[in-house]
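Trainee: Before we start, here is the structure in question, set down as structure tokens.
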Amino acid sequence: MEVKAKRLKSNLKIKGICEELGISRSTYYLIEVGQRKLKKEEQEKLDKLFDERMCINK
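When we follow the UniProt record's numbering, the leftmost residue of the sequence shown carries the number 1, and every step to the right adds one.
Following this line, the structure appears as structure tokens:
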């Protein structure tokens, strides 16, 4: 049950990132495994998003 909860939390986090970047989840997974590179503006959005989330998590 604990593994299922972790997976659900991870999926929701990924879904949120995809929505904010404006990309599909399949595109996100391709980026994650290195088969697709982020465009410059997508990379800037992602960097900004992680900066904001890191400040919240500190």
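In this text, a Cβ means the ideal position worked out from N, Cα and C, and glycines have one as well.
Keep in mind it's a predicted model, so treat the numbers as computed, not measured.
Between the beta-carbon of LEU21 and the beta-carbon of GLU44, is there less than 8 Å?
Mentor: no
Trainee: Below 8 Å CB to CB, which residues in the same chain sit around LYS13 once its five sequence neighbours on both sides are set aside?
Mentor: none
Trainee: What residue range does the alpha helix (DSSP H) around LYS4 cover?
Mentor: Membership of LYS4 in the alpha helix (DSSP H) is indicated by the continuous run 2 to 21.
Trainee: At the level of alpha carbons, what is the spacing between SER24 and LYS4?
Mentor: 22 Å
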